[in-house]
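A short write-up of the structure that comes next.
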Amino acid sequence: MARFRASFTDEAELGAPRAPFTLARAAAGVEETALVLFTSYVGRSSAYDYARFGAYFRDRRDVSVITHPGFLEGELLPADKEALVRLHADTVRRHVGDKPYVLSGHSSGGLVAHAVARELERRGAGPAGVVLVDTYVDEKALGDMAAAMGEQLSDRYDSVPGADDNDWGDAWVTAMARYMFLGLLPEEVAAPTLLVRAGEPLMEWTKDYDWRPSWKLEHSTVDVPGTHFTVMEEHSRSTARAVEEWLERL
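Just so you know, the sequence shown maps onto residues 6 to 255 in my numbering.
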């Protein structure tokens, strides 16, 4: 059904420019690299998913979230990967101006962050770094955990503030399908990259291969407490601290 939905190739087709959600502000006089986050494109993801993670950075650095078009009723979907990446790259440039920044995303949001970083580097305005928080690409383990991910996402829906069911409708289902087939696969970037991995599996793990995500391109890795979801929930502070320590070394 996703192919029957209206789509855009240029930001002008969306009407008003998209604006990021602000989660944290650096204290007066503090000039640290800004952190720009992208939501996941699986399920009914929203800026609220990063609320606890973002709270850690208050007074430390500016933190904002960019959401994806097409997940709410009436929104257009990106026609292809290039349309999405151009849109987000334009949004980042308007938002950060000439200030240094890092792009990041949890889960599939990390794939978006990485693709946008590549586009911004092509424009000569790349990020100081890229942070991938438990971002899977094509690991065999992802297929094994898909059912558990779906169940745990479903359990979380009723407790998520923000848009109600009338806003979401069925749009998020077809949007997710479109995004999954955009081909957001990793390509080389110049920016240093950090892969933050959850220290606990989503389910009991008895397979003889690793359940944790991997990244084939050059990167650093840090493991943090929690599962794929709880690294951004009850363990968000530990996750944020690990990211902050890496950012301080850039």
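Glycine residues also receive a C-beta, built at the ideal position from the N, C-alpha and C atoms.
Here E192 is not near H93, since their CB atoms are 9 Å or more apart. In the three-state scheme derived from DSSP, where H, G and I count as helix and E and B as strand, S109 is classed as strand. Between L116 and L200, the C-beta gap is not smaller than 9 Å, which leaves the two residues out of contact.
The C-alpha of S109 lies about 5 Å from the C-alpha of L42. Remark: three or more beta-carbon pairs, one from each stretch, lie closer than 8 Å, so the region 33-48 and the region 180-188 are flagged as touching.
Linking G131 to L125 through their CA atoms gives a straight-line distance of about 5 Å. 9 Å or more divides the Cβ of V142 from the Cβ of V121. Per DSSP, G188 is not a residue of any beta strand (DSSP E), being assigned neither H nor E. Distances from the CA of E78 to each of A195, E16, T244, V178 were compared; the closest alpha carbon is that of V178.
Residue environment for D103: exposed (fewer than 16 other C-beta atoms within 10 angstroms of its C-beta). Annotation for P197: G134 place their beta carbon closer than 6 Å to its own, counting only its chain and skipping 5 residues before and after.
The region 219-228 makes no contact with the region 20-37, as fewer than three CB pairs between them are under 8 Å. Distance from the CA of D175 to the CA of A11, rounded to the nearest whole angstrom, comes to 14 Å. Secondary structure note for T244: its alpha helix (DSSP H) is the uninterrupted segment 241-253.
The secondary-structure analysis by DSSP pairs A176 with nothing; it has no beta-bridge partner.
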